[in-house]
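Using this note's numbering, read the sequence shown as starting at 6 and increasing by one per residue.
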Amino acid sequence: MKDSHERTIDYMRISITDRCNLRCKYCTPEDLPSISHDEIMRFEDILTIARLAGRLGICKFKVTGGEPFVRKGCLSFLKALKELPDTKQVTLTTNGVYLKEHLKELKALGINGVNISLDTLHPDTFHQITGRPDFDQVMDAILTCQASGIRTKVNTVLLKGINDHEFWNLLKLAQDYPIDVRFIEIMPIGYGRQYQGYDRNALLPLLASKYPDYHFSTKTHGNGPAIYVSIPGFLGSIGFIDAIHGKFCHQCNRVRLTSDGMLKLCLYYNNGINLKKMLREQASEKQLLSAMQEAIFHKPSEHQFYHSALEGSEELRKMSQIGG
């Protein structure tokens with residue numbers, strides 16, 4: 006469907022849990038209170054929302070967390086989501102720790118792609134950033150995933166003074182393997198406000214200093230807002246996602262469903278509609294569909310990060326609590 010700004014909304018990010026087995030500095034560096042079992046959305050309810058979303062033209066789904074694989078039944082849910090009548094694509098974002106053991110099943114259910122978070126190629130730095138010594142496990146999962154034929158992307162957040170010196174090493178993943186390596190600008194949400202990151206305006210000149218013959222890719226790499234470049238001799242591509250300094254709100258095609266049942270229309274704002282509440286109050290499918298359609302139609306035109314005039318309307322929850 007189209008919203009009031011004539012943007013086609015066809016993509017939903019679904020967070021199935023706020024829990025994670027890592028403790029990344031900019032996301033969940035401490036044990037936040039998790040959503041209780043009673044308050045988290047049941048898979049059956051998420052599938053109802055996804056099915057209704059399909060009737061509105063939302064046919065592409067990204068399943069996220071927290072870490073999706075810490076929730077029991079994740080694979081069965083992915084399979085059911087893939088089998089909904091209007092679903093065209095289901096992809097997954099994971100930290101990779103538990104990925105390898107599930108690759109065979111992911112391949113069998115026809116997953117359309119896997120995004121894996123990795124901010125460093127050094128085990129010590131990995132431990133420093135994530136609080137866990139699982140680098141080898143994640144690296145093995147990335148290489149096994151791409152070797153399996155599943156479309157594989159690596160999501161990297163460069164942080165000043167922590168891992169920014171690894172830019173060149175991370176590029177080599179795309180040089181040596183058919184993997185898209187995407188550099189994501191740190192979002193000023195939750196703990197992310199404490200760090201300084203990079204956008205493509207800073208990284209592209211750096212890349213050009215070593216690879217002046219790069220060119221912007223016209224190939225479709227996914228459903229999101231990444232700008233991709235290709236470098237001769239590289240098996241994969243390099244992507245940049247910078248929601249702040251490369252604001253792409255005019256082409257935003259997504260909404261988000263949080264693990265506690267809120268349909269969020271924009272990452273910035275703290276509003277939305279409580280679909281879980283409607284489901285538990287036994288709203289009809291007609292009522293749910295009407296509420297979703299009305300909310301999506303009025304999706305905000307743009308985020309307002311750093312606009313203090315709108316203080317009070319911004320999202321105050323942490324990224325893991327709303328779905329990355």
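Quick reminder that beta carbons are idealized off the backbone N, C-alpha and C, glycines included.
Exposure of residue i, with buried meaning 16 or more beta-carbon neighbours within 10 Å
i: Glu190; result: buried
i: Phe2; result: Within the shown structure, residues of the chain are numbered from 6 to 329, placing residue 2 beyond reach of any answer.
i: Asp139; result: buried
i: Leu83; result: buried
i: Thr22; result: buried
i: Ser9; result: exposed
i: Lys165; result: exposed
i: Lys291; result: exposed
i: Lys112; result: exposed
i: Thr135; result: buried
i: Gly115; result: exposed
i: Ser264; result: buried
Span separating the alpha-carbon of residue i from that of residue j
i: Val234; j: Asn206; result: 13 Å
i: Asn174; j: Lys282; result: 47 Å
i: Ser39; j: Leu211; result: 40 Å
i: Lys105; j: Gly266; result: 29 Å
i: Ser306; j: Asn100; result: 31 Å
i: Gln4; j: Ile278; result: Residue 4 cannot be examined here, being either before or after the span of the chain that is shown, 6 to 329.
i: Asn276; j: Lys77; result: 29 Å
i: Thr223; j: Leu209; result: 17 Å
i: Leu148; j: Leu108; result: 11 Å
i: Gln298; j: Lys87; result: 22 Å
i: Glu35; j: Arg285; result: 31 Å
i: Met192; j: Arg198; result: 7 Å
i: Thr239; j: Cys150; result: The sequence given here has Phe at residue 239, not Thr. Roughly 18 Å separates the two Cα atoms.
i: Asp181; j: Ala146; result: 16 Å
i: Ile301; j: Asp129; result: 44 Å
i: Ile45; j: Gly229; result: 26 Å
i: Leu262; j: Ile19; result: 5 Å
i: Phe66; j: Tyr16; result: 6 Å
i: Leu42; j: Ala213; result: Looking at the sequence itself, residue 42 is His, so the reference to Leu does not match. The alpha-carbon atoms of His42 and Ala213 are separated by roughly 49 Å.
i: Leu163; j: Leu61; result: 37 Å
i: Lys177; j: Thr53; result: 42 Å
i: Glu171; j: Gly241; result: 18 Å
i: Cys32; j: Ala152; result: 29 Å
i: Ala58; j: His303; result: 15 Å
i: Glu169; j: Ala296; result: First, the residue type needs correcting, since residue 169 is Asp and not Glu in the sequence shown. Rounded to whole angstroms, Asp169 to Ala296 spans 44 Å at the Cα level.
i: Leu294; j: Val260; result: 15 Å
i: Leu280; j: His255; result: 26 Å
i: Glu49; j: Gly227; result: 27 Å
i: Asp204; j: Gln287; result: 45 Å
i: Asp247; j: Phe253; result: 8 Å
i: Ile243; j: Gly154; result: 19 Å
i: Glu11; j: Gln133; result: 44 Å
i: Phe131; j: Ser289; result: 47 Å
i: Cys79; j: Cys64; result: 19 Å
Cβ of residue i within 9 Å of any chain D Cβ
i: Asp169; result: As a matter of chain content, chain D is missing from the structure shown, which is built from one protein chain.
Neighbourhood of residue i by C-beta distance below 7 Å, restricted to the same chain and skipping five residues each side
i: Tyr103; result: Phe74
i: Arg56; result: Leu89
i: Tyr216; result: Ile236
6 Å CB neighbourhood of residue i in its chain, flanking five on each side removed
i: Asn120; result: Thr98, Lys158, Asn160
i: Gly118; result: Thr96, Arg156
i: Pro237; result: Asp218
i: Arg137; result: Leu27
i: Ile232; result: Phe245
i: Gln142; result: Val102
i: Ala85; result: Leu52
The ligand SAM heavy atom lying under 8 Å from the CB of residue i
i: Gln142; result: Ligands are entirely absent from the displayed structure, and the ligand SAM is therefore not among its contents.
Close Cβ partners of residue i (< 8 Å) along its chain, the five nearest in sequence each way excluded
i: Thr13; result: Met6, Lys7, Gly62, Asn258
Can you confirm whether the region 263 to 282 touches the region 182 to 189 when touching is taken to mean that 3 or more C-beta pairs between the two stretches lie within less than 8 Å?
Touching, no.
Assess contact between the region 73 to 92 and the region 119 to 131, defined as three or more Cβ pairs (one per stretch) separated by less than 8 Å. Is contact present?
Fewer than three beta-carbon pairs drawn from the region 73 to 92 and the region 119 to 131 are found closer than 8 Å, and the two stretches are therefore not classed as touching.
Would you be able to state if there are at least three C-beta pairs under 8 Å between the region 60 to 79 and the region 19 to 33?
A contact exists between the region 19 to 33 and the region 60 to 79.
What are the start and end residues of each continuous beta strand (DSSP E) run of 3 or more residues lying completely inside the region 166 to 253, in chain order?
Counting only runs of at least 3 residues, the region 166 to 253 fully encloses the following beta strand (DSSP E) elements, listed from N- to C-terminal order: 185 to 189, 232 to 235, 243 to 246.
Which residue spans inside the region 262 to 290 form an unbroken alpha helix (DSSP H) run of at least 4?
Qualifying alpha helix (DSSP H) stretches, in chain order: 280 to 285.
Could you pull out every unbroken beta strand (DSSP E) segment of at least 3 residues lying fully inside the region 13 to 96, listed in chain order?
Counting whole runs of 3 or more residues, the region 13 to 96 contains the beta strand (DSSP E) stretches 16 to 20, 65 to 69.
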